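Numbering (this note's numbering), first residue to last: 5 to 1126.
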């Protein structure tokens, strides 16, 4: 049986911890440590979590006394220690193996057998649809004519895309289907055009605006609807993955009883209504990027909360067709549908990829993930494309491909496009081809660097957020830097304009390029289009030789990590789908690209050392164990990754996976640390630049620990963008350095190219990581425009990890991978770093590989990011907005007038709270109205960014609290001190799903204590066993153990204030407690408090004075937030 990671005796240090180890090594948790495994596996002086010895332990893993003064490893150790540890061993026995753990960890949904995913992209096209034409002289027919779809078909054929699609024939929609969104009178009127004369047809068309019909118009419109319905049904039912209906006439302007804007039947609206009522799609997202507002779709669903309509369109302050006030951003829906209509009105021409991507990143994607649709329908007009005579915008064909790819992360990939407008025949075909190729799973074409968004576009986006933020809690990032630390946003700021005077749209006069220039630019764009893709999609490297790096004792970074990951890949059939890459060892010259000769030589020399010598040499490193094979395995990990880089950059595969160890991102140029010897990903980045001539490389590091080594290697280099999402805890979490802070943006020429998103206080998961991607990672990455994306893929932020304590699911990693695949024409290489729960890492990395292989993104309901996560994201945004032009949206928004409270029942029979006059502070800063959204929000969800220093945590008389509802502005958990194990106790853990109430048992199953330790907010020993610190014995974190003089891992007794060592040194604090019955002790390593009597961590205001004194002694400052 493979031992569960929760039984490891340390976090990230060897079982035999070297004397003199830095107290803040990677093996020691921060004061905010909240995960069960982290608390149990670390270094409490008790023995409750001791693991059962393996055969290897019995032979060579016996504890060896340090030989220092006062060692008492005798009879008392065998009796007292074993008695106290028996409980832990019994818990391990009850836990079963890691397969049982997998069933208990929420969110782990990967099956052990390969899942059959929907395959194929459906295509609806029929030349009969060209028969809809204008029988009388009209300017409109010069634009909306049959040549539009013929050109689309021609370009798909040119790029060999037609044969790769599954054809779905058109059919006439039935009257019942059309009547779902149109009146019977209107239907009969359209039918009557089949027998009209030309003059009658002209009279019929003149009754409405911008319409022409002939005797074939009804048939073409009904065929378009029928084809779209059949295509969407196949997608919803899993017969196809996605689809594109290249049909005409358009439909999104048609209302219930009126044709308008070339539109007869509202194809997308009928499809959405049918999906809801016949195919059990509870929530449908409609995205309309046609340059004209789809007022017909809006009117059909403006009171329906089950359909979210999002439109990006040219508005020109109501001067552009359809010239309706309802097209503005303050038209947010009516009745039950208020908040579910989102209009992004552009007020100038010439807007392009940068502005459209910004609207997606700032508005659509956050709201869409919160809405969590079951189906995505796209009103796919291409009249915002560059060169279109009507739209006068500048979205490139590649830009539309990127928008399509972004939507494919939603609704299990169930995305169906329906052609609407688009009137430049040269461009419309290219746009259709780019979108089709993306639906087929090919990488998106390279998009040029995004530029600074138009000031008018920024104004429009901010106005949209201002109007819809009362209904969507995911829109929290409009805060000026000076407001971030304030509890209450200044009321004076609410009346300020969104932009300064010099930023107002009126200050900029936009003139479009000349037609000749547009034609040249279009020809250039078409000539540069390269839709060729490598024959192999994903390459993979793995070599069991890397398992030779090991220690005789149980350790989180164990050989089984890569074996289990590879085994899971085989079980799921992923290995067979990948191109296997041979492993190799990195040469010394390749290592020299990032490491000093002295460092390489020192590690190489260790191959000839004895195990005893290696054990002593461990003292020279931080969180490292050594083996005679360590050097060779580290070379093998680096060299094998370089082979993957060669395979991808030579065009043999689109992307790659490296299942390698030991990890690398902590390794500095001159030393090993944090389980890492050579910085594999850093070496790969330099190798790609030097051998393959890449200009820009993005390194995305989602390991729960900050990649200090990678940061330091590139902090002066603008050619490598390093972005890290990590647990920071204000510098207390490993590697316990201020270098991991958000203000560390790089140095010299590299300033701005180091981006740290450091999490503090709370347990983070999918909601927080996806929010960081949408708000920070992707905008900066698009502006950087990398040639290659390297992922330092540590999975220790995953559910159940013993070191990270976070809760990112395999689905969360899948969505992050999907977003990254938008970049660098899909050249993404995922390289294993950390991750120490074998089930978590194997399932999470397998999910990433599935995405690279082209499987659809799994469904995800991430919930909402925590307030502390929002604060962390804002801190990073405020640091980097001076470096990146895409970060223009952190300004205070004016408040909206309060409205009466309305209660709405959604399709999920949950309550939606709307704005009321009961004002509350909002984390977004600027709005004073109540922050409200769908069922995943609370009316009082908005709270101050920082608690008042006068507020004290409210203690709970019960050991473990069960949270029964969403966090509110007055919730005690938000005011808890920011130090100590699991800073917010049960409350923080219970809010694990972005505001969803849950108990530990609900999250982790009946064996909750094996997987999650919740510090008690009260215990019966607090009053009698915690005494005031006497002035004669001030707390000093540097004090040595009174018995053995060791300084590596000490605890202070909160009754007598003696300082003694922990169980991984000589266990003197344990013996002290047995001898004196003093039960409460505080760790100088992470400032957590342990109660021997309760056998648990404790977090209560009674111990805060001691914690504060220890923090001041250790760090020279008071506890942040106190």
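Glycine included, each C-beta is placed from N, C-alpha and C at the ideal position.
In this text, all values refer to a predicted model and were calculated from it rather than measured experimentally.
- [ ] Please state if the CB of residue 354 and the CB of residue 399 are separated by a distance shorter than 7 Å.
- [x] no
Task: Integer Cβ distance of residue 209 from residue 269, believed to fall under 8 Å - done: The Cβ separation is near 15 Å, so there is no contact.
Open item on the list: Given this structure, state the Cα-to-Cα distance separating residue 641 from residue 585, to the nearest angstrom.
Closed with: 13 Å
Open item on the list: Counting C-beta neighbours from all protein chains within 10 Å, is the total for residue 538 16 or more, i.e. buried, or is it exposed?
Closed with: buried
Task: Residue(s) in a DSSP beta bridge with residue 542 - done: 659
Task: Alpha carbon of residue 402 to alpha carbon of residue 661, nearest angstrom - done: 26 Å
TODO: For residue 1076, count neighbouring C-beta atoms within 10 Å of its own C-beta (all shown protein chains included) and say buried if the count is 16 or more, exposed if not.
DONE: buried
TODO: Report, in whole angstroms, the separation of the C-beta atoms of residue 331 and residue 347, which I expect to be a contact under 8 Å.
DONE: 6 Å
Task: Host beta strand (DSSP E) of residue 797 (start-end) - done: 792-797
TODO: Alpha carbon to alpha carbon, how far is residue 1024 from residue 609? Give it in angstroms, no decimals.
DONE: 55 Å
Task: Status (buried if at least 16 other CB within 10 Å, exposed otherwise) for residue 510 - done: Caution applies to residue 510, whose pLDDT of 34 falls short of 50 and renders its modelled position unreliable; the model cannot decide the point.
Open item on the list: Among 243, 259, 760, 235, whose alpha-carbon lies nearest the alpha-carbon of residue 278?
Closed with: 235
Open item on the list: Tell me the rounded alpha-carbon separation between residue 368 and residue 314.
Closed with: 7 Å
Task: residue 977 (DSSP reduced to helix, strand or coil) - done: Low confidence applies here, because residue 977 scores a pLDDT of 32, under 50, leaving its location unreliable and the question unanswered by this model.
Open item on the list: Only counting the same chain, and skipping five residues up and downstream in sequence, which positions put a Cβ closer than 8 Å to that of residue 543?
Closed with: 582, 583, 584, 585, 648, 651, 652, 656, 657, 659, 660, 661
Open item on the list: How far does the beta strand (DSSP E) with residue 1095 in it extend, from its first residue to its last?
Closed with: 1093-1095
Open item on the list: If contact is defined by three or more beta carbon pairs under 8 Å, each pair taking one atom from either stretch, is the stretch 796-807 in contact with the stretch 705-712?
Closed with: yes
Task: Spatially closest choice to residue 187 from 740, 784, 164, 261, by CA coordinates - done: 261
Open item on the list: So, for residue 775: in the same chain, excluding its five sequence neighbours on each side, which residues have a beta-carbon less than 8 Å away from its beta-carbon?
Closed with: 370, 478, 869, 873, 874, 877
TODO: Rounded to whole angstroms, what's the CA-CA distance from residue 686 to residue 717? Just pull it up for me.
DONE: 7 Å
Open item on the list: Please tell me whether residue 303 and residue 349 are closer than 7 Å, where the distance is taken between their beta carbons.
Closed with: no
Open item on the list: So, under 8 Å CB-CB, residue 1101 and residue 1019 are touching, yes? Tell me the CB distance rounded to an integer number of Å.
Closed with: 4 Å
TODO: For residue 150, write down the residues that DSSP places opposite it in a beta bridge.
DONE: For residue 150, which the question treats as bridged, DSSP gives no partner whatsoever.
Open item on the list: Is it buried or exposed, residue 162, if we count other Cβ atoms within 10 angstroms and call 16 or more buried?
Closed with: exposed
Open item on the list: Please state the DSSP three-state secondary structure of residue 730.
Closed with: strand
Open item on the list: Rounded to whole angstroms, what is the Cα-Cα separation between residue 1 and residue 123?
Closed with: A question about residue 1 goes unanswered here, because the residues of the chain that appear run from 5 up to 1126.
Task: C-alpha distance - residue 271 paired with residue 680, whole-angstrom precision - done: 57 Å
Task: residue 439 - containing alpha helix (DSSP H), residue span - done: 429-443
Task: CB contact flag (residue 125, residue 444, <7 Å) - done: yes
TODO: In the DSSP assignment, find the beta strand (DSSP E) that holds residue 317 and state where it starts and stops.
DONE: 311-318
Open item on the list: Quick check on residue 1123: buried or exposed, where buried means 16 or more other Cβ atoms within 10 Å of its Cβ?
Closed with: buried
TODO: Could you tell me the distance, in whole angstroms, from the CA atom of residue 72 to the CA atom of residue 1071?
DONE: Caution applies to residue 72, whose pLDDT of 34 falls short of 50 and renders its modelled position unreliable; the model cannot decide the point.
Task: Coil, strand or helix - residue 1078 by DSSP - done: helix
TODO: Within 10 angstroms of the Cβ of residue 2, are there 16 or more other Cβ atoms? Answer buried if so, exposed if not.
DONE: Nothing about residue 2 can be reported from this structure: the residues present for the chain run from 5 to 1126 only.
Open item on the list: Can you tell me which residues form a DSSP beta bridge with residue 293?
Closed with: Paired residues: none, contrary to the question.
Task: Status (buried if at least 16 other CB within 10 Å, exposed otherwise) for residue 1029 - done: buried
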